[in-house]
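Residue numbers (our numbering): 926 to 1318. We put the CB at the ideal spot given by N, CA and C, even for glycine.
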């Protein structure tokens, strides 16, 4: 591939998750004639408490052009808003220095709303991965739709989501159904053996372990501690049968509360439970490959785990409304419901069925290539005005 004209493409990344999804796209764009890749790292990437995952970016041979610091010391909504304002100002300075032609933003987190707002006001077109989706339990849902209206190029994971963005007034010629990059990455990635993963973690896992991630549900304030305890109590009943590998939550409101409970629980069960701030892309996908099931409320359980043929126990309302395949079991965030759900996803019957018939509505052949084609072929600069597209009723 080749760009139709020289262009600076700037990726903004705030978490281990969005970088893990976009890293292969970044690397491939680096090799394209006429493309200058730029990377702005912010939020959890620059936090020692969250694993200082900016080091994972540089470890992959990529250069971080700008670092936008955010104060993550608070654990409430007011602190989140204040850190957003810090990100907004930092993004203005970073974009002013880099002067990109396109900004690529993934997802629906609050730092991405700040980044998209800064880019729009500074006249930098935003290419957004993955609008149109629904997650009713989190304020991310509203943020995602807001970023859609701030963006000029839209990549969706399903046709339903493409239609939803068009219904929001976006020109159909700018909305591309490309599938989920995470699912595409899995199809092309080699993973560690179980022995290599165990050595990397310093823990024996056997082939009977659960991969768990639990984030606070931001539209259910004050419930994070009770929901986390319910999960841990249900898991503790099964520590004789299985081990648990936990990845820590995002820097959302009440995220520290969840992380503290998980860390304390892991310390009480050495050898059976391990909690890590970040697994990194290679170890996370390797854990997905070898685990018996995914447990929690991360989008990865819905968008990536199915491609591995691994069942997912999706807990609570955080992902409510998102498309699901047949490998997903849903339950309420109570000890009894979680326990019943664990019985289902840990059963040999369901595990065998998921292995035989992986069902992922987000899978789409040639996702990475489709995204690259749009980023390289879009004529620049884009017109300053973005007309509203009215759907015929």
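Would you identify the three-state DSSP class for residue i, choosing helix, strand or coil?
i	result
residue 1080	strand
residue 1092	helix
residue 1071	helix
residue 1289	coil
residue 1243	coil
residue 1270	helix
residue 1107	helix
residue 1034	coil
residue 1199	strand
residue 928	strand
residue 1059	coil
residue 1192	helix
residue 1303	coil
residue 1295	helix
residue 1144	coil
residue 882	Given that the chain is displayed from residue 926 to residue 1318, the structure contains no residue 882 and the question cannot be resolved.
residue 1309	coil
residue 1139	coil
residue 1183	helix
residue 1024	coil
residue 1254	strand
residue 1317	coil
residue 1099	helix
residue 1216	coil
residue 973	helix
residue 945	helix
residue 1048	coil
So the candidates are the options; which of them puts its Cα closest to the Cα of residue i?
i	options	result
residue 1049	1251, 1063, 935	935
residue 1114	1229, 1066, 1013	1229
residue 866	1045, 1294, 1288, 1225	The shown model of the chain, from 926 to 1318, leaves out residue 866, and the question about it has no answer.
residue 1135	991, 973, 1266	1266
residue 952	931, 984, 939	984
residue 1117	1167, 1211, 1084, 1173	1211
residue 962	980, 1023, 1099, 1291	1023
residue 1297	1053, 1306, 1064, 1271	1053
residue 1174	928, 950, 974	974
residue 1284	1290, 1313, 1232	1232
residue 959	950, 931, 977	931
residue 1277	1251, 1301, 1256	1251
residue 900	949, 955, 1119	As shown, the chain starts at 926 and ends at 1318. That puts residue 900 outside it, with no answer to give.
residue 1291	1204, 1065, 1103, 1123	1103
residue 1158	1176, 1065, 1187	1187
Exposed or buried, residue i, counting other C-beta atoms within 10 Å across all chains shown (16 or more means buried)?
i	result
residue 1006	exposed
residue 1060	buried
residue 968	buried
residue 1208	buried
residue 1111	buried
residue 901	Because the chain here runs from 926 to 1318, residue 901 falls outside it and cannot be looked at.
residue 1190	buried
residue 1316	exposed
residue 1185	exposed
residue 1286	buried
residue 1313	exposed
residue 1244	buried
residue 988	exposed
residue 1087	buried
residue 1033	buried
Less than 6 Å between C-beta atoms, sequence neighbours within five positions excluded: which residues of the same chain meet that for residue i?
i	result
residue 1168	1130, 1134, 1197
residue 1029	936, 1052
residue 1097	1091
residue 1270	1218, 1236, 1238, 1254
residue 1002	1178
residue 1182	1149, 1150
residue 1047	1020
Below 8 Å CB to CB, which residues in the same chain sit around residue i once its five sequence neighbours on both sides are set aside?
i	result
residue 1155	1258, 1259, 1260, 1263
residue 1085	1057, 1248
residue 1073	1053, 1056, 1057, 1079, 1090, 1093, 1095
residue 947	936, 938, 1029, 1031, 1054, 1106
residue 1319	Coverage of the chain is limited to positions 926 through 1318, which leaves residue 1319 absent and any answer about it impossible.
Apart from the five residues on each side of it in sequence, which residues of its chain come closer than 7 Å, Cβ to Cβ, to residue i?
i	result
residue 1035	1005, 1009, 1068
residue 993	965, 967, 1012, 1015, 1016, 1019
residue 1299	1078, 1101
residue 1162	1264
residue 1280	1234
residue 1241	1062, 1142, 1152, 1222, 1257, 1258
residue 1042	1013, 1075
residue 1305	930, 932, 1026
residue 957	926, 927, 928, 1301
residue 1164	1194, 1197
Taking only heavy atoms of the ligand MG into account, decide whether any of them is closer than 7 Å to the Cβ of residue i.
i	result
residue 1214	Within the structure as shown, the ligand MG is missing, as the structure has no ligands at all.
Quick test of your reading: residue i and residue j, contact by CB under 8 Å. State the CB separation rounded to the nearest angstrom.
i	j	result
residue 1146	residue 1180	Their Cβ separation, rounded to whole angstroms, is 12 Å, which puts residue 1146 and residue 1180 out of contact at 8 Å.
residue 1137	residue 1220	4 Å
residue 976	residue 1203	4 Å
Looking at the C-beta of residue i, does it have a partner C-beta in chain B at a distance below 8 Å?
i	result
residue 1114	Note that chain B does not occur in the displayed structure, where there is just one protein chain.
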